[in-house]
Structure formats: structure tokens, C-alpha cells
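Working notes, structure below.
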Amino acid sequence: MAEVTVNPWRKDFPILAQTMNGKRLAFLDSGASAQKPQCVIDTMTQIYQTHYSNIHRGLYEFSQILTGEFEAARNKVADFIKAPSPRSIIFTRNSTESINLVAQSWGRTFLSAGDEIILTEMEHHANFVPWHILKNQIGIVIKYIPVLEDGSLDLTALQNLLTDKTRLVALTHVSNVLGTVNPVEDIIKTVRSHADHIKVLIDGSQAVVHGAVDVAALDADFYVFTGHKLYAPTGVGVLYGRESLLEKMPPWQGGGDMIEKVTLDGVTYAELPNKFEAGTPAIVEVIGLGTAIDYVSKIGLAQISKWEHELLVYATKKLLQIKGLKILGTTKNKAGIISFTVEGCPASDLAMILDQMGVAVRSGHHCCQPLMGVLGVEGTIRASIGLYTDKDDIDQLIAGIIKAKMMLT
Ligand SMILES: Cc1ncc(COP(=O)(O)O)c(C=O)c1O
28 MAEVTVNPWR KDFPILAQTM NGKRLAFLDS GASAQKPQCV IDTMTQIYQT
78 HYSNIHRGLY EFSQILTGEF EAARNKVADF IKAPSPRSII FTRNSTESIN
128 LVAQSWGRTF LSAGDEIILT EMEHHANFVP WHILKNQIGI VIKYIPVLED
178 GSLDLTALQN LLTDKTRLVA LTHVSNVLGT VNPVEDIIKT VRSHADHIKV
228 LIDGSQAVVH GAVDVAALDA DFYVFTGHKL YAPTGVGVLY GRESLLEKMP
278 PWQGGGDMIE KVTLDGVTYA ELPNKFEAGT PAIVEVIGLG TAIDYVSKIG
328 LAQISKWEHE LLVYATKKLL QIKGLKILGT TKNKAGIISF TVEGCPASDL
378 AMILDQMGVA VRSGHHCCQP LMGVLGVEGT IRASIGLYTD KDDIDQLIAG
428 IIKAKMMLT
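Numbering (this note's numbering), first residue to last: 28 to 436.
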């Protein structure tokens, strides 16, 4: 933190001026959900106060304006992840729904009993459970890329896991527990060199917030993320899909807005992307996501990533000075997520004491129970860094852990 010590963006987030339990708020849980900048709050309030209405079918002025803003947000998302066309951007509720959509629409249509898919041991339940549901429905086989001691993936194992029955490789871009940034470009190249027809799904939930993503350059078939971790409202997520693939996939849910024609005898479906967007979407939240993307893009992800990396290095150094503290996930290529255990201090007790000191962290399995098993721990404490995090937050965390340790051991 030699050059910058004052966070220039912190003031944009009104909640950070609040106290928690009477103490300065050190919000270190952005990995679970990030706080919202004033501009996102203003966008949403302004819509409700001035031209809220339903979109797509209204011929009156408010509906037309809002429809334009909604579709402009789709263009912003497409530009943000360098998708070739807004037609390949489907709005969902969150990453979880995006993955379920792929499993139920693509998976149920194109996979059959005995087909193999490859996940990793570090997946969030969102990229785990939908595939197990599919396994129970049609009998696919699920294999896992192992996680090594340092929290990286064992990529030599991937070569052996790929067979002539492999149909999909689905993995997280950044681990929400270990912070590991997986080399998804190399993984996709390995998969493609094995067989062209294998699809790749990347869970970008923790990645889009920490660095720039280019889905076209990556050559991913599906890329998903969730708005609320990207400083946007809850209730909106994104599924990017290769257009030719989305064209072939059947709708997942049926209802209004996703049809071309409905008669008593049958239904034909709308073009992309509407085919996958049944019912009234989270209109205001989607537009809020567009504003969040504008906000993040104006700062620049390179700048955010540099700031967060400096804090990660600072926090890691300070944490390791605490006796009995062990960081899980020590690879070089890490995003601003630090999981740790402290000898003699149960994670939940530690988190509750930190709360009393104004420090918001997460404790437990972080929706990664299989990974906890692999790591041989019940749970961890996780401190996650956002673009508004500063050195004082880290110092407050360190002071809190030292105090908690004295109370618990
Ligand atoms: C890596 C990863 N994938 C998926 C999700 C699920 O996100 P959501 O609950 O918004 O669907 C999360 C949330 O923590 C995550 O960290």
C-alpha cells in the first residue's frame, strides 16, 4: 500500500458511513454480496419516481422509455464481457438460475445416461447441485478435477479425466473460498484439443468483479455471473451463451414474453434472448446492473484489480503474523478473497466476536461443503475485499482477531 492509502471510491457507497455495533464498519463480506454505490441506488429510485411501468408490450411513453433502458442494459452487459451480440445475453435471477437453466435446457436435451461431465472439487453448490439433479434425472456421470494443497487445480489430472464420453467441463473462474484464479484459458484450450464438441461452462460469479473478462477470447460456451456481487441490485443474473448453442436449446420456463404465437393447439417461441426470459423480468434491477457496470467500467477493472491486489498482499502479510492462523489457498494467482482458520477458535465464535467489533466477515462452509471435506475443515473465516475496502478495514480485522483469540483461547 505504498502509493495509495486513501480509497478514492469508498465515499461512493453511503452504507460505509454507517457504524455496526457502535463501531466503524469494516465490511469484508463483498464475496457474499457487495454494497451498492449511490449511482445505482439513484438509478433505481429515479425509475420508481418518474417512469416505472412494465416493459416490452406497452405502447405508452413510460413503457417505451423503460424498454429502451432495459435493452440498453443488455448491450452494456454484452460489451462488459465482450460478448459478440446482445442476443447471447440472457437475464436470469442470479448465477444459480443461469446454471440451472443450462443444466435443464441444454443438459436434459443433449446429454444422456452414461455421458460424463467434469466439475472441480472447489465448486460452489450453485455449480454442483444442478448437475446432481440432472444426474438423478438422466444418469450422467460426474467427475472432479482435484484441488491441490495450495488451492490450485490439479490440471495434470484433467488430461486423464477427459474421455470420449466427456460432454461438458464446468468450473469456477475464481474460487469463492480459496481466492484461486483458475487458468480458464488454458483449461479451455486443453478441453478443445481433446475434442471440439465438449462444452465449457465458466462460473464467473467471483471473477467479473475482480478483473476484465472477454468471453469471445476465452472461447467459453457458457459464462455466468450474478449482479449483486458486482455492486448491482439483487435479483438479476446473467447467462452468456454461444448464440448457435442457445438457438438449439429449448426454453426452460414458459409464460409471457417468451412466445412468438400461442394458439389452443400449440406454441411457437420468441427469438433469442426472449426465448429464455419468461415472465416479467427484474426490470429496475437489470437497469441498476447497467449502472453498476458503467460505474465499475469508469474506474476500470485494471485499476480495481491493482488496488485489491495491494490490499490482498497487505492483509496476507498481517494475518500470517498471527500465531495459529492458517490461510487456505496460497497460490500466487489469487483474487481478494482470504479464507483462514485460527487454532483453538471455532470460526463461528470468531465471526461473532468480530461482529461486535464492527467487522463483517463470513464463517462456515461458504456453500462449498465438498471443498471443506477435501480441505479437512468444518469451515473457515472468509474476509473478502471489494473496490471500497481500505487498509483501515484490514487493520480493524487484524486487531479484532487478536482480541478474539485472547477471549477464546
Ligand atoms: C463462485 C460462486 N458461484 C455461484 C454463486 C451463487 O451466486 P448466486 O447466489 O447469486 O446465484 C456464488 C455466490 O456466492 C459464488 O461465489
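In this text, a Cβ means the ideal position worked out from N, Cα and C, and glycines have one as well. All of these numbers come straight from a predicted model, not from anything done at the bench.
Considering only the alpha carbon of each residue, which of the options lies closest to residue i?
i       : options                               : result
Leu-352 : Lys-361, Ala-362 and Ser-366          : Ser-366
Gly-206 : Gly-403, Cys-372, Arg-51 and Ile-354  : Ile-354
Val-369 : Lys-361, Ala-378, Ala-362 and Gly-363 : Ala-378
Met-285 : Met-276, Ser-115 and Thr-295          : Thr-295
Leu-128 : Val-208, Leu-266 and Pro-173          : Leu-266
Gln-396 : Gln-164, Phe-155 and Ile-68           : Phe-155
Thr-32  : Thr-436, Leu-402, Tyr-341 and Gln-45  : Tyr-341
Ile-92  : Ile-310, Val-240, Asp-213 and Leu-182 : Ile-310
His-255 : Met-71, Gln-164, Ser-375 and Ala-319  : Ala-319
Gly-268 : Asp-177, Phe-303, Gln-73 and Ala-239  : Phe-303
His-237 : Ala-362, Thr-358 and His-152          : Ala-362
Lys-359 : Phe-249, Gln-233, Ile-408 and Pro-210 : Pro-210
Lys-185 : Ile-117, Gly-371 and Ser-220          : What sits at residue 185 in the sequence shown is Leu, not Lys. Cα-wise, what sits closest to Leu-185 is Ser-220.
Leu-339 : Lys-418, Glu-312 and Gly-400          : Lys-418
Ala-426 : Leu-180, Gln-164, Glu-212 and Gly-385 : Gly-385
Pro-64  : Asn-121, Asn-81, Val-235 and Phe-40   : Phe-40
Glu-150 : Ile-167, Leu-180, Gln-131 and Ala-297 : Leu-180
Glu-98  : His-83, Ala-110, Tyr-87 and Ala-44    : His-83
Ala-222 : Val-240, Asp-191, Gln-164 and Thr-199 : Asp-191
Gln-131 : Thr-147, Ala-110 and Ile-167          : Ile-167
Met-71  : Leu-198, Thr-407 and Thr-261          : Thr-261
Leu-52  : Met-434, Asp-69, Thr-147 and Asp-422  : Asp-422
Pro-308 : Val-401, Thr-183 and Thr-119          : Thr-119
Met-276 : Glu-287, Thr-136 and Met-399          : Thr-136
Ala-153 : Ala-44, Leu-424 and Asn-121           : Asn-121
Gly-371 : Leu-86, Leu-291 and Thr-436           : Thr-436
Leu-273 : Asp-420, Asp-69, Thr-253 and Arg-114  : Arg-114
Ala-239 : Gly-327, Lys-344, Tyr-79 and Ile-68   : Gly-327
Ile-165 : Arg-409, Val-174, Asp-213 and Leu-138 : Leu-138
Lys-50  : Glu-212, Asp-420, Ile-429 and Leu-346 : Asp-420
Hey, residue i and residue j are a contact pair by Cβ (cut 8 angstroms); roughly how many whole angstroms apart?
i       : j       : result
Ala-431 : Ile-380 : 4 angstroms
Asn-203 : His-393 : 6 angstroms
Leu-188 : Ile-215 : Not really, about 15 angstroms apart at Cβ, beyond 8 angstroms.
Thr-193 : Glu-143 : 5 angstroms
Ile-126 : Val-251 : 6 angstroms
Ala-259 : Leu-316 : 4 angstroms
Leu-257 : Val-323 : 7 angstroms
Glu-124 : Ile-314 : Not quite, the Cβ-Cβ distance comes to about 19 angstroms (not below 8 angstroms), so this is no contact.
Asn-48  : Asp-382 : 6 angstroms
Ile-108 : Pro-300 : Actually they do not touch by this definition, with Cβ atoms about 14 angstroms apart.
Glu-270 : Ser-112 : 6 angstroms
Gly-178 : Gly-356 : 3 angstroms
Ile-225 : Val-263 : Ile-225 to Val-263, Cβ: 30 angstroms. No contact.
Ile-172 : Thr-199 : Ile-172 to Thr-199, Cβ: 11 angstroms. No contact.
Ala-297 : Glu-312 : The Cβ separation is near 21 angstroms, so there is no contact.
Ala-110 : Val-242 : 6 angstroms
>> With a threshold of 8 angstroms, are at least 3 pairs of Cβ atoms found where one atom belongs to the region 47-62 and the other to the region 380-399?
In response: yes
> So does the region 412-425 actually touch the region 331-340, counting three or more Cβ pairs closer than 8 angstroms?
Replying inline: yes
>> Restricting to runs no shorter than 3 residues, where is the beta strand (DSSP E) found entirely within the region 383-424?
In response: 389-391 and 407-411
>> Please give me, in chain order, every unbroken run of the alpha helix (DSSP H) with length at least 4 that falls completely inside the region 310-345.
In response: 310-326
> What runs of the alpha helix (DSSP H), each 4 residues or longer, lie entirely inside the region 111-188?
Replying inline: 122-128, 156-165 and 182-188
> How do the region 159-166 and the region 93-107 stand: do at least 3 beta-carbon pairs fall below 8 angstroms, yes or no?
Replying inline: no
> Near ligand 1, which residues have their beta-carbon less than 5 angstroms from any of its heavy atoms, given in chain order?
Replying inline: Asn-121, Ser-122, Thr-123, His-151, Ala-153, Thr-199, Asn-203, Asp-230, Ser-232, Gln-233 and Thr-253
> Going along the chain, which unbroken runs of the alpha helix (DSSP H) with 4 or more residues stay wholly within the region 206-249?
Replying inline: 211-221 and 242-245
> Does the count of Cβ pairs from the region 218-237 and the region 274-289 closer than 8 angstroms reach three?
Replying inline: no
>> Which runs of the alpha helix (DSSP H) at least 4 residues long sit entirely within the region 253-283? Give them in chain order.
In response: 270-275
>> To test your reading of the DSSP string, which unbroken beta strand (DSSP E) runs of 3 or more residues are found completely within the region 42-84?
In response: none
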